[in-house]
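Student: One structure is given below, represented as C-alpha cells, and several questions about it will come after.
Numbering (UniProt numbering), first residue to last: 1 to 941.
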C-alpha cells in the first residue's frame, strides 16, 4: 500500500466491457479503483473482469438471465469493480442482492472505506420506485457495515434539474450524503459525462455520491474526455485516504456481575429471594421519629440518609452478584448458539479430557479414542455455529416469535443493529481522558444571564410536610418504567427493582419521604454519567460536534423523578397552544392546527405570513431562579420545589469515553437531559410566552380562538395575516427570550408566505426580521418532520414518506433475509405500515399517492421474495396484513377519533367546525376506500 494513500476512483459506463477493454486498461494505469457500468456480461462471463489487468482484483454482477435458454431482462446492464491489489491488499466483496449494485470494503489498517458501483434505470416515472429502491439498498448495506466513509460511483441517469436528479438530491439531504461532483464543479459549469450518439445532446448522468465522513477526503473531481469506445466519459475522483479516520479495536472486557443482562428464571427467583431477605430487615430509623412528618435541617440526619441509600444499593447489588451464575471471560465473545448447539458437546469433551489427563494422557486405547472423538464433535459444532451465526440469530427470532415472547423478540431485533466503533482521536486528541474532558467542556452550557445563584431557603424547621409518597406510589412508578435501558454508574437498572420483591417499594417510599423532609439527596444518587453518542453515523466521527450527550442517571433517581413528575401533573396548567409532551397530543396535533389555520384563511382569499422559529439549545439555557419562581406560582408544594432546587444545585456529571471518565462538573443552567420532569419544566418555562402571544389579539384567530402561535416544546411557528402583525409577534418573542436567557437561531429560523386560494402571492413582501436580521424566505419547510408547502400541497410530504418507506423496507429485507415468513410479516407491520402524518394528506396528485402505494406493495413483495407482478390484494390477504387502502383508512379514522375525544380547546374547536378540511377528508377516505377494503376483507374470509 502506498504511504501517501492518494488514489483515484473512476466511474465509467463502458457500454460493453469487451468492446471498451482497451479504454479500461488505459484507466488502470492511473486509477486505484474503477467502477464499471453496462458491462454487458452474462453471469458466467463475470470472470472476464479479472483478466483485464493482472494487477487488479475484480467483482461484478450481471443483469442478464439466460437460465430459460434465451436472454431476458435488459441486455445492456451489469456493474463491476476493479481495484489495484498492490494499493489495496485487504479487500472484501460486499453481498448485494440487487443486480444494479456491487460493492467492496477496503481495509486500510485501522480504517475502512466502502466503494460502490451503481447503474440506475432510465429517467422515467415508472422507474422512480426502482431508482429509490437502489439508493435504499445501498443505504441498508452501509448501515449494516458500520463504516462511515463511503463512495458511491456510477451512472445515476440523473441530469441536473430533472426528475431523477431531484430525487437523488432529496435522498442525499435526508441521509446527509453529498453529490460531490456537482458540489465541486457546480451545476452551471457545463460539465457533461454523456453525449447522445443519436442527436448529439450532452448530459450529466454519471456522479459520485459520498457520505459526510468521506467528503473531506476528496481533493479533486474532473471528467476524462479522452475515451472513444463509449458514449459516456469517465468521472475521476482524486482522494487522500489519509484523512479517513481510524477506529479503535475493542477487546471484550469482563462484564460487571451486577448488570442484569439475560437472566434465567431460576436466577431471577434467587435474586428475588435474596432481596426479600435483605430488605425485610430495613425498618424506619429511630433517629427520624421526631421529624417524620415535618421539615428538618439536622446535618446528622443527612448523613444517615446517605447511609440508608448506600445500604439499599448495596443490598440490591450483592443480591444481583450472588444470583448471577454466569461468569464472563476476558477477551472472549459469546458464540451465537452456544447453549443450543455446543454447550453439551463442550461439557462432554471437557469431561473426557479430564478423564484422559487423570489416566496419564495415553496415546492410544479407549480413553484416548473417547477424548479424541468428543473433542472432534465439540469442534465441529463450534465451527458450524461460527459459520452459521446469522442463520442461528434468525432461528432464535423465529422461536421467540412462535412463543409470543415479543419482549425478547424486539430485544433480539434491536441487538442486530450495527454499533459504530469509537475513533482513535477526536478533534486531534488521542488520550481517552483528554477526550472525555474535551466533551465535558463541549457539553457545558453557559447562560446569557450568568450562572444561577445558590439559594439557601429550605423551609422552616418543624414545618409540616404536605406530601408523602406511599409504597403503592413507588410500585406504580416502577411498573410504568420501560425495561432494557442503560444503567447508571451503580450498574443497577429497572429490572433490579421490578424483581426485588414486595419490600422494596416500602423501603424506597420511606427513603424518598426522608429526602423530601430534609430537602436533601445523597450525592451518589445524583451522580450522572454522560455518554457522547454519534449523531450522523456516516458523518465525521472524529468531530466533537457530531456527538450529542446521553445522560445515564441512577435508577433510584429515575423513580424519584417519576414521583415528582406525577406531582407536576397535578399543578401545571399549560396553554392549549402548547402540544409538546402532553398526554393525548402529538406532533400530528400541532401540524393539524397549523395547516387547518392556514386553510381557514386561504379559502377566504387571505395569505398567511408564517415564521418558523428555532431556539438554540433551548432545554440547556433554562435559568434556575426564573424556573423556581414559576414553580412557586403554580402552587406546587414547597417541599417539591426545594428538592428540585437541591437536585439541580448539587447534581454532578461525568463524561464517559471508552470506560474513562472526565473531571466532574455541575450544571449552571438547563433542565436535566433525559429527566422525566425535564419536558414539563421546560414547557412551564416558555408557557408565559405562549400566553403573552395569545393575549395580544394580533395574528390569526378562528372563532375567537387565538392561533397566532403553535408550539411543540421549543419548536414554535408564528402565524399572522399581515407582515406588521408577524413583526409584532416576533418582537414579543425577542423580548421574552432576552429576559429568560434564551437565544433564537437566525440562521435556522425561516419565514414562509402561504398562498391564498385563487390569488397569486404578493409581488412585494417586506423583509421579516429577527434580531434585525432578515429571515430567509422559503416555499417549503420541514416542520416537526412534515413537509409544509406554501400552497399546502402534500406531494412533497408523500415523496418524503415514500423514500422513508423504501429505506426501512430495504433495511429489514437485508437484515432479516433469512427469517421465517411470520417474523417478516411482524417486522413489516412494525416498520412499514406507520406512515407519519399520512392522515393529514389532503391536497395531492393521484400520481404521487399511487407512487407511495406501489412502493408499499413492492416493499412487501421484496421482503417476502414474491414475484414483482403478483396480485397485491391476494398477497396481503394470504398474509393477513392490511393493504395500503386499509392502512390509510385506519390512520384517518384514528385521527378523527383522537381529535373529537381530545380535551385540547383548539382541537375541540376544529372538530366542531363543519368545514374542517382534514376531518372531512378522513371521512371521504373512509368512504372511497370502503369498496377496496370490503373486497380485501372478503378475500381474508
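C-beta atoms are modelled at their ideal positions from N, C-alpha and C, and glycine is treated no differently.
Specify the secondary structure class of residue 331 as computed by DSSP and reduced to three states.
Tutor: Reliability fails at residue 331, whose pLDDT of 44 lies under 50, so the model's placement of it is uncertain and the value that follows must be treated cautiously. The answer is coil: DSSP assigns residue 331 none of H, G, I, E or B.
Student: Where do the N-terminal and C-terminal ends of the beta strand (DSSP E) with residue 238 fall, by residue?
Tutor: That run of the beta strand (DSSP E) goes 235-240.
Student: For residue 765, does the count of other Cβ atoms within 10 angstroms reach 16, so buried, or fall short, so exposed?
Tutor: Classification for residue 765: exposed.
Student: DSSP beta-bridge partners for residue 83?
Tutor: Bridge partners of residue 83: 33, 57.
Student: Please name the residue in 489, 109, 756 whose C-alpha comes closest to that of residue 317.
Tutor: If we check each option's Cα against that of residue 317, 489 comes out closest.
Student: Given a cut-off of 8 Å on the beta-carbon distance, is the pair residue 900 and residue 132 in contact?
Tutor: Taking 8 Å as the Cβ cut-off, residue 900 and residue 132 do not qualify as a contacting pair.
Student: Within its chain, find whatever has a CB closer than 7 Å to the CB of residue 561; leave out the 5 residues flanking it on each side and keep chain order.
Tutor: Closer than 7 Å at the Cβ level, and outside the excluded window around residue 561, lie 675, 676, 677.
Student: Grab me the residues of residue 378's own chain with a C-beta within less than 8 Å of its C-beta, minus the 5 sequence neighbours each way, in chain order.
Tutor: For residue 378, where only same-chain residues beyond five positions count, the Cβ hits under 8 Å are 342, 345, 346, 348, 349.
Student: My output table needs one value for residue 114: the three-state DSSP class, helix, strand or coil.
Tutor: Note: residue 114 maps to strand in three-state DSSP.
Student: Within the same chain, show all residues whose beta-carbon is closer than 7 Å to that of residue 68, passing over the 5 residues directly before and after it, in chain order.
Tutor: Its pLDDT being 49, under 50, residue 68 is placed unreliably by the model, and nothing is read from it.
Student: Quick one: Cα of residue 781 to Cα of residue 158, how far?
Tutor: Distance between the alpha carbons of residue 781 and residue 158: 24 Å.
Student: Which word fits residue 431, buried or exposed, when buried means at least 16 other C-beta atoms lie within 10 angstroms of its C-beta?
Tutor: With fewer than 16 Cβ atoms within 10 Å of its Cβ, residue 431 is classed as exposed.
Student: Whole-angstrom Cβ separation of residue 797 and residue 843, contact assumed at under 8 Å?
Tutor: About 11 Å separates the two Cβ atoms, so there is no contact after all.
Student: Using 8 Å as the threshold, is the C-beta distance between residue 204 and residue 439 below it?
Tutor: Cβ distance not < 8 Å, so residue 204 and residue 439 don't count as in contact.
Student: Between the alpha carbons of residue 6 and residue 90, how many angstroms are there, rounded?
Tutor: Whole-angstrom Cα-Cα distance: 17 Å.
Student: What residue from 62, 58, 33 has the CA that sits closest to residue 16's CA?
Tutor: Taking only the C-alpha atoms, the option nearest residue 16 is 62.
Student: To which residues of the same chain is residue 155 closer than 6 Å at the C-beta, ignoring the five residues directly before and after it?
Tutor: Cβ neighbours of residue 155 beyond the five flanking positions: 13, 37, 119, 205, 206.
Student: Quick check: the Cα distance between residue 575 and residue 687, rounded to an integer number of angstroms?
Tutor: Whole-angstrom Cα-Cα distance: 7 Å.
Student: Do residue 335 and residue 385 have their beta-carbon atoms positioned less than 8 Å apart in this structure?
Tutor: Yes; because the gap between Cβ atoms is below 8 Å, this pair is in contact.
Student: What residue range does the beta strand (DSSP E) around residue 8 cover?
Tutor: Run containing residue 8: 6-13, per the beta strand (DSSP E) assignment.
Student: Measure the CB-CB distance between residue 616 and residue 709 and report whether it falls below 8 Å.
Tutor: Taking 8 Å as the Cβ cut-off, residue 616 and residue 709 do not qualify as a contacting pair.
Student: Can you list the alpha helix (DSSP H) stretches of 4 or more residues lying completely in the segment 821-901, in chain order?
Tutor: Counting only runs of 4 or more, we get 821-832, 846-864, 872-879, 884-901.
Student: DSSP puts residue 528 in a beta bridge; with which residues?
Tutor: In the DSSP output, where bridge partners are listed per residue, residue 528 has 653.
Student: Does the beta-carbon of residue 871 have 16 or more other beta-carbons within 10 angstroms, so that it is buried, or is it exposed?
Tutor: Label assigned to residue 871: exposed.
Student: Report all residues from its chain with a CB closer than 6 Å to the CB of residue 614; omit the five preceding and five following residues, and keep chain order.
Tutor: If we look at residue 614 and ignore the five residues flanking it on each side, its Cβ neighbours are 745, 748, 749.
Student: Return the CA-CA distance between residue 374 and residue 355, expressed in angstroms with no decimal places.
Tutor: Approximately 12 Å, taken between the alpha carbons.
Student: Determine whether the beta carbon atoms of residue 806 and residue 888 lie at a separation below 8 Å.
Tutor: No, the pair does not count as a contact, with Cβ atoms beyond the cut-off.
Student: Decide if the segment 548-557 is in contact with the segment 665-675; the criterion is three or more beta carbon pairs, one per stretch, under 8 Å apart.
Tutor: Yes, the segment 548-557 touches the segment 665-675.
Student: Within the same chain, show all residues whose beta-carbon is closer than 8 Å to that of residue 482, passing over the 5 residues directly before and after it, in chain order.
Tutor: 494, listed in sequence order.
Student: Rounded to the nearest angstrom, what separates residue 830 and residue 390 at their Cα positions?
Tutor: Going by the C-alpha atoms only, they are around 21 Å apart.
Student: How many Å lie between residue 942 and residue 94 at the Cα?
Tutor: No statement about residue 942 is possible, as the shown extent of the chain runs from 1 to 941 and does not include it.
Student: I need the straight-line Cα distance from residue 684 to residue 142, nearest angstrom please.
Tutor: Looking at the two C-alpha atoms, the distance is approximately 42 Å.
Student: Using the beta-carbon count (16 or more within 10 Å), is residue 281 buried or exposed?
Tutor: Residue 281 is exposed by the Cβ-count criterion.
Student: Going by the DSSP bridge assignment, what does residue 221 pair with across the sheet?
Tutor: BP columns for residue 221 point to 237.
Student: Can the beta-carbon of residue 421 be found less than 8 Å from the beta-carbon of residue 247?
Tutor: Against a cut-off of 8 Å, the Cβ pair of residue 247 and residue 421 comes out as a contact.
Student: On a CA-only basis, which of 624, 618, 640, 610 is nearest residue 776? Give me that one, please.
Tutor: Checking every option, the nearest Cα to that of residue 776 belongs to 610.
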